[in-house]
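Peer 1:
Numbering (my numbering), first residue to last: 948 to 1067.
#1: Assuming residue 961 contacts residue 1054 (C-beta within less than 8 Å), just tell me the rounded distance between them.
#2: Quick check: what's the CA-CA separation for residue 980 versus residue 993?
#3: How about residue 1019 and residue 982: do their beta carbons lie closer than 8 Å?
#4: Please report the straight-line C-alpha distance between residue 1059 and residue 1035, rounded to a whole angstrom.
#5: How far does the alpha helix (DSSP H) with residue 1002 in it reach, from first residue to last?
#6: Specify the secondary structure class of residue 1039 as computed by DSSP and reduced to three states.
#7: What does the alpha-carbon distance come out to for the pair residue 1050 and residue 955?
#8: Quick check on the DSSP output: the alpha helix (DSSP H) that includes residue 965 runs from which residue to which?
#9: Distance, Cα to Cα, residue 965 vs residue 959?
#10: Run the CB neighbour count on residue 971, radius 10 Å, all protein chains shown included, and call it buried at 16 or more, exposed below.
#11: Among 1037, 989, 1015, which one has its Cα closest to the Cα of residue 1027?
#12: To the nearest angstrom, report how far apart residue 1031 and residue 1041 are at their CA atoms.
Next up, the structure:
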């Protein structure tokens, strides 16, 4: 499996998991702001994930590795901070936002575990 296929798989499974989790939480809690938080978080995390991928390939092709790495990391932190501020301003549930931000990480860990065990 190529790297691009793994990236696509992570994003697809992340979106699928966020939809399933949103439906379950909506059936239990009947609160739409949690679902909004999950989706805002997962889309923000996907943007951050793609930025990491682009930054990684950029670092490999250039000699200013440390500078690009630090700047890329700082820009992602500022972006996530702005997402949290936006969520607070428009009254989106912060717990839902944190769940959404964590979904891609969970999918990444599970994908890595399956690849380490010889999965395809």
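Glycine included, every Cβ here is placed at the ideal spot set by N, Cα and C.
Peer 2: Let me lay it out:
#1: 5 Å
#2: 20 Å
#3: no
#4: 33 Å
#5: 979-1008
#6: coil
#7: 15 Å
#8: 950-976
#9: 10 Å
#10: exposed
#11: 989
#12: 8 Å
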